[in-house]
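Student: Dropping the structure in here first, questions after.
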Amino acid sequence: IVYGHGRFSAEAVENCAIGLQMYSLCLLPVCVKKVLTKAYYAQNDTRRPMIIGVFEVLLNIGLSVWWVRYWGVYGVVGATAAASFTFIIVMLADYNRKYDRVLSLKEIGSYWSIIAGTVIVVIAMKAFSMLPIHSALLSFICKTAVSFMVFYISLLITGEPSFTYILQKIRKAVRRKTGK
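Heads up: the sequence shown begins at 99 in this note's numbering, then just goes up one per residue.
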């Protein structure tokens, strides 16, 4: 909506929106990266995160150049996500080997439902973008609503523990309020 004026066409707005949605795949790696980098700093080790980070950037550039040929801007976004996940895997393995075991790959894998939900939202948004909605504002509102619904339904189906805990709390509050 913000960019949808002048020479920035509706199609460009659509591509920008899908690209930003795909970047949501990078949220988990960014969060883990921030924590792990600080863990290294707590060990007075600033060199290792920097070296691993340089390799992440090089991997991101290489994958972006390669994948952009096949998938366009989505290849660049996918390359960033792949490089970010590779970075945290390498960083976790290195930190666990050199210092203390902080978080295993198995524990990160427990977030699969959130990652799967995000991927499902991206696919749903790509399908939704094919609908002929001519108003940018209406398209934005519909996509936001559909994104939330698809994401939370996917969390419900996969049985994400934190989500089911919140649902249980809501059910108890409703039962107390209604007296049932």
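Positions of the beta carbon are idealized from the N, C-alpha and C atoms, including for glycine.
Please list the segments of the alpha helix (DSSP H) lying wholly inside the region 109-172, counting only runs of 4 or more residues, in order along the chain.
Tutor: Entirely contained in the region 109-172, the alpha helix (DSSP H) runs reaching 4 residues are, in chain order, 125-140 and 145-169.
Student: Would you be able to state if there are at least three C-beta pairs under 8 Å between the region 221-234 and the region 128-142?
Tutor: No, because fewer than three Cβ pairs between the region 128-142 and the region 221-234 fall closer than 8 Å, the two stretches do not touch.
Student: May I ask you to report which of helix, strand or coil DSSP gives Phe106?
Tutor: coil
Student: Thinking C-alpha only, which one of Ile255, His232 and Asn158 is nearest Thr184?
Tutor: Relative to the Cα of Thr184, the nearest Cα in the group Ile255, His232 and Asn158 belongs to Asn158.
Student: So Lys182 packs on Ile218, CB below 8 Å; how close in whole Å?
Tutor: The sequence given here has Ser at residue 182, not Lys. Rounded, the Cβ-Cβ distance is 19 Å, inconsistent with contact.
Student: Whole angstroms is fine: what's the gap from Tyr168's alpha carbon to Ala271's?
Tutor: Here the C-alpha atom of Tyr168 lies approximately 50 Å from the C-alpha atom of Ala271.
Student: On the criterion of 16 or more Cβ atoms from any shown chain inside 10 Å, does Ser237 qualify as buried, or is it exposed?
Tutor: buried
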